[in-house]
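No gaps in the numbering here: position 184 of the sequence shown is 184 in full-length UniProt numbering, and each next residue is one more.
Glycine included, C-beta positions come from ideal geometry on N, C-alpha and C.
These numbers were taken from a predicted model, which means no experiment stands behind them.
One structure is given here, and the rest of the page talks about it.
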Amino acid sequence: MKLLKNVLTQINSLNISKYRRCQSSTNSTIRVTGSVFSQLEHYVDGSSRDLIQRLSTQVEVRTQFISKEEECALFQELEPGLKRKRYQFDHWDDAIHGYRETERGTWGSVCEGVLRRVKSVAFPEGSPLLGPVHVLDLDKAGFIKPHIDSIKFCGSTIAGLSLLSDSVMRLVKEDDAHQWLDLFLPRYSLYILRDTARYGFTHEILKDEQSVFRGSRVPRERRISVICRNLPTEKQETCR
Ligand code: OGA
Ligand code: MN
């Protein structure tokens with residue numbers, strides 16, 4: 001609870017998701033073709049080809065980033081601590097519904113290796129990271145409402161591993177709900193949000209009933225995400 005209060009700034013959550021749902025019932029799926037898009041189209045959908053192109057350097061989904069064995073090692077380290085907590089369901093005002101969380105600073109060697117890989121692909125070299133890694137355990141019935149991570153506590157980049165379940169992450173432009181991207185986040189993948197995708201768009205994880213990507217159902221099971229963030233630079237802090 002306290003962790004999330006520090007890290008998240010929730011904005012207009014219900015309005016944004018309701019609006020987007022109306023849109024998607026009238027818009028047909030955007031077909032993306034061409035070499036830049038051929039890999040992207042498996043996991044990125046959006047309100048326009050132009051938006052997908054503009055954000056293509058700021059949004060990444062790396063599938064099979066961890067192996068089954070690495071997932072198992074992460075799970076075994078995290079599960080005993082998580083199991084002792086109860087999922088939080090009752091706070092409808094919170095950005096996250098049906099979750100428990102923890103943070104972790106020290107890991108065994110397999111997990112340490114995974115996190116080193118996350119850091120090396122996601123963050124600029126030498127970029128200081130936000131202390132311990134954040135771990136969020138969403139119940140099957142849990143979901144994350146649209147929000148922007150706090151600009152005071154977190155820097156330009158957010159990188160998250162998806163354990164145990166596939167899911168759909170939706171990005172919606174903060175000041176124009178017509179502009180959106182959906183990311184298909186398969187189990188074992190790493191997603192990275194940078195710069196405008198992180199500051200100018202809300203992100204959310206869809207609840208099971210709404211979990212659809214390009215017209216295909218993406219069943220949501222219990223999902224654990226392991227999230228690394230960098231620290232804001234001094235320039236960012238004084239600019240905002
Ligand atoms: C968050 C968040 C996404 C995820 O904790 O701020 O957006 O992948 N999490 O769990
Ligand atoms: Mn977030």
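- In this structure residue 114 touches residue 74 by the C-beta definition: roughly 7 Å separates them, less than 8 Å.
- Residue 88 holds the alpha-carbon nearest to the alpha-carbon of residue 136 among 186, 153, 88 and 119.
- In the structure shown, residue 151 falls within a coil segment according to DSSP collapsed to helix, strand and coil.
- In the displayed model, residue 95 falls within coil according to three-state DSSP, outside both helix and strand.
- Residue 131 is a Cβ neighbour of residue 105, given a cutoff of 8 Å.
- If you check the CB distance, residue 140 and residue 221 come in under 8 Å.
- In the three-state reduction of the DSSP assignment, residue 174 falls in the coil class, being assigned neither a helical nor a strand state.
- Under a 10 Å Cβ-count criterion, residue 147 is classified as buried, with 16 or more other Cβ atoms of the shown protein chains found around its own Cβ.
- Comparing alpha-carbon positions, the option among 192, 175 and 111 lying closest to residue 183 turns out to be 192.
- In this structure, residue 98 lies near residue 138, with their beta-carbon atoms less than 8 Å apart.
- Annotation for residue 60: no alpha helix (DSSP H) segment contains it, though the beta strand (DSSP E) segment containing it runs 59-62.
- Counting along the chain, the unbroken beta strand (DSSP E) around residue 161 starts and ends at 157-163.
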